[in-house]
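Residue numbers (our numbering), protein chains in the order written: chain L, 551 to 1020; chain W, 71 to 396.
No residue lacks a Cβ here, since even glycine has one placed at the ideal position from N, Cα and C.
Just so we're clear, the structure is a prediction, and the values are computed from it rather than from any experiment.
In what follows, a structure is listed as structure tokens, so that the remarks can point back to it.
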Amino acid sequence: MKVARFVAALWLCGSATVIAAPQDEPPAPAAEVPPVEPPPEEQAPDGEQASDEAAADAAALDAEIASQELSGDAQVRLDAARDAVVQIRGFFHKSETSAFHGSGFAVDDGRRIVTNYHVVAQAVLHPRQYRLEYLASDGRTGPLHILAIDVRNDLAVVAAEDLELPPLRLRSEIPAQGERAWSIGFPLNLGLTITEGVANGLVEDSIVQRIHYTGAINGGMSGGPALDTRGRVYGVNVSVVSGRQLVGFIVPARHIPPLLARVREPMDLSLSAQQLRQRVTAQVLAYEAEVLETQPDPAATQSVQGYALPTQISPHVECSTVDESSPHVLVGVDTVSCWIPALIRVQQGVHVAGLSMRHRVLQSEGLHPLQFERQVNRLAAAPRRTGSAAHVSPFACRDALVSLDGFDARISTCVRQYRLFAGLYDFDVTVVSIDDEHQALVSRLALQGVSFDTGKKTMERYLGALQWRP
Amino acid sequence: MLVEQVGMQGQAVLRQRFAGAGTECRVGRDLGCDIVVDDEHAAPQHALLTLLEDGRVNVRDLGTRNGTRVDGKLVPADAGAIIEQGEIIVGTTRLRVRTRHVPIGTERVFRREFVRRHRTLLATAGVLACAGFGAFVQWLDAPSSMLRSVTKGGLVACGLIALWSGLWALTTKLNQGTWRVRLHVTIASIGAALCAWGYWVVGLVSFTAQWPELVHIGIAAIGVAVLAALYLHLREATHYRRRMTFALAGAATLVIGAVAWIIAIGVDDGDVNRVNLGPEVRLGAARFVPNRDISDYLAGVDELRLAAARERQKSLLNAPLADADD
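Below is the structure:
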């Protein structure tokens, strides 16, 4: 399941493992140099280009580099990109050893460095606690400034005052499935590394665009360039599925030019932390307005035991009928589960703009009403909520008996606010029907990291769609 | 003049009456004294109590190192003190003195007579109510092996009552020489049954009335029941007077309440994942409860924005963000 993959994705920002590795030595040449393969045929642009300008650029680039194709050897590719790639390191206060690190590469005029938002997130959110530094291939180091961030695509543009590197060229079209590809970065602080793999096209029905890459990506390679057969950057290493084999994800490079456009000359190196944080919130809200607030017409429902249960209250919702084990032998359960995964990571361990619904219709099969009620109450109180006191404040709740469409229910709504992002809320709505002694609906809507208005609107849509039509 | 030597729990362990003006009562360790005390802090000839003609008592200290106290105050060595009643402390021994000047009220009605007379019946009823509650709680879960679970619930309730009553009976035996098992069983079981069933019923009523505060009143009522039970246990098991017993029972109730409160707070406080779902749902209660309109409810949800902001402020006060503001 795609969602599960994403949710389980391990983010690549490495921890402070300081394993000394010779970074200047080129990788030892392979004993047998493989024969140079003819480059695969160039794929036609697949029509999803960022802009016409980008398309024209790409076409010009294609013509220009048609004559200078690189060999299939990883060593050649690494040597070509070596000077453009830097290691991005974050330091806690005045500490000498890094707290986290990732990779980045020069683009555009060579003065701007692209990396992942999650590599620099700590420095964006806590600028007094963390500072960023680059480590270039020639051993130079210096402080980095954040110029622009794109939370949705997990991208960031950083720059240093006196740093100019040979830029890498971007490729805006998505590589075809099966195209050979390489990823470069600093995995686990082991020094500059290149891995070889295969690009497997865009991940289908994902709300955020990601290219599926079958090849080794490891913590610390985040923000590093993903190269195609001609040495062009088709994307940025972003995440990997932990505990699986070589399932990695790449942010398509087409999202880089719009971000660069935002940071044209003169370079503004003085964005305040508050401005950056406001941008984070604003980008999350823009994303969720698109993902959560668009409504299909009419909202799809699923009928279970006489209840009409909302499923696709937004086009991005995925649903499945879960075969859930019943809480009791004499209670039958029909479960419908729907969700939009929380794909936007604003902070370590904080993913926002997610939705999940779980409708459960319970049937008493010979239980006394008091006993059945006990099972219903248990189920309603059972869901485990996650959240750390470091990131969210406690819930505030409101509870009442309400007449819904065709049935009476108790509705409990709980809302909590994010500590760092005052504009983001978690919603937790529990609906329990109370008018039947032998059948009950226990339904829950949970929204993760949404604005209050979006949350309330979504909740209204959800409550409005719940019906009992025997 | 009546002189009583007071024991550990305030009860009289020795009682002696003196009559006739000019009668003297000598107190000390010496065997020649009228009241001989076994107290290393008392002198052989410690204090002299003289019944005056007007019926009052003159207390004099006989030049001791520790002195003699009347109602906490040292008796002046030369003058002595004249009292109608009071507590005299000789060394560490307490003597209560009473004269005919002290009015005597009518007798108190013995209110626990009913309990004492019907203790077998009441004890049985109480135990049954507790066992019934234990069994009921098990039955609510609709266990797969009904007989076993229900029996277990009943037996656990009985076991707890037996343990609690046994401890009180032992205390009674040590203090009073009798066990009074049925009395303690009655107090414990009826108290526990009131608390358990009462809380359950209050929960039901609070949902039906849609009045969650009722649960707090129920908890207060449970506190009163605990206080009453402890008071009665103490009265049966010790020699303390009413006021002292009440103070002890009150203190114990406060301690129990505080511990319960700390446990509850410790579980709840600052847990960002705790959700208060309100009173438990009672299916079929819909016919008693007036429902609200959905738009009415949603209007109320708007207030959550403020409430959530308050929670955030609180949380920021408790644990400020690292460099939150520039």
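With distances taken between CA atoms, residue 695 of chain L lies nearest to L/669 out of L/669, L/807, L/1006. For residue 870 of chain L, the closest C-alpha among the options L/851, L/877, L/880 is that of L/851.
Secondary structure at residue 999 of chain L: strand, using DSSP grouped into helix, strand and coil. Taking 8 angstroms as the cut-off, the beta carbon of residue 946 of chain L is found no closer than this to the beta carbon of residue 952 of chain L. Per DSSP, the continuous alpha helix (DSSP H) segment holding residue 834 of chain L begins and ends at 823 to 841. Here residue 1014 of chain L carries a helix assignment [DSSP, helix/strand/coil]. By the neighbour-count definition (other C-beta atoms within 10 Å, threshold 16), residue 159 of chain W is a buried residue. Assignment of beta-bridge partners to residue 787 of chain L by DSSP yields L/800.
Relative to the Cα of residue 99 of chain W, the nearest Cα in the group W/88, W/365, W/118 belongs to W/118. In the DSSP assignment, no residue is bridged to residue 123 of chain W. Separation of residue 137 of chain W and residue 304 of chain W (C-alpha to C-alpha, rounded to the nearest whole angstrom) is 34 angstroms.
Check the Cα spacing between residue 231 of chain W and each of W/190, W/254, W/365, W/291: the tightest is with W/254. Secondary structure within the stretch 626 to 665 of chain L: the beta strand (DSSP E) runs of 3 or more consecutive residues, fully enclosed, are 635 to 642, 648 to 657, 662 to 665 (chain order). Under the Cβ criterion of 8 angstroms, residue 900 of chain L is not counted among the residues facing chain W.
Membership of residue 732 of chain L in any alpha helix (DSSP H) is not indicated; the residue belongs instead to the beta strand (DSSP E) covering 729 to 735. Residue 701 of chain L is outside the set of residues whose beta carbon lies under 8 angstroms from a beta carbon in chain W. Among the residues facing chain W, residue 915 of chain L is not included, as its CB has no counterpart in that chain under 8 angstroms away. Residue environment for residue 777 of chain L: buried (at least 16 other C-beta atoms within 10 angstroms of its C-beta). For the stretch 961 to 973 of chain L, the beta-carbon criterion of a distance under 9 angstroms to any beta-carbon of chain W is satisfied by 961, 962, 963, 964, 965, 966, 967, 968, 969, 970, 972. For residue 975 of chain L, the chain W residues whose Cβ falls inside 7 angstroms of its Cβ are 378, in order along the chain.
Inter-segment contact for the stretch 901 to 914 of chain L and the stretch 292 to 312 of chain W is absent: fewer than three beta-carbon pairs are separated by less than 8 angstroms. When secondary structure is reduced to three states using DSSP, residue 989 of chain L falls in the strand class. If only uninterrupted alpha helix (DSSP H) runs of at least 4 residues are considered, those enclosed by the stretch 222 to 279 of chain W are 251 to 278. Per DSSP, reduced to three states, the secondary structure at residue 78 of chain W is coil, with no helix or strand assignment. Boundaries of the beta strand (DSSP E) around residue 745 of chain L: 743 to 752. Assigned with DSSP and collapsed to three states, residue 372 of chain W falls in coil, not helix or strand. Inter-residue distance for residue 258 of chain W and residue 299 of chain W is about 7 angstroms (C-alpha atoms, whole angstroms). With its beta carbon at least 8 angstroms from every one in chain W, residue 643 of chain L lies outside the interface.
With respect to chain W, the C-beta atom of residue 671 of chain L has no partner C-beta closer than 8 angstroms. At least one C-beta of chain L is nearer than 8 angstroms to the C-beta of residue 362 of chain W. Within 7 angstroms of the CB of residue 385 of chain W, the CB atoms of chain L belong to 943, 944, 969, in sequence order along the chain. In this structure, residue 664 of chain L sits away from residue 715 of chain L, with a CB-CB distance that is not shorter than 8 angstroms. Contacts between residue 838 of chain L and chain W, judged by CB atoms closer than 8 angstroms, are missing: the closest CB pair is about 17 angstroms apart. In the three-state reduction of the DSSP assignment, residue 692 of chain L falls in the strand class. Using beta-carbon distances, residue 958 of chain L counts as an interface residue toward chain W, with a partner under 8 angstroms.
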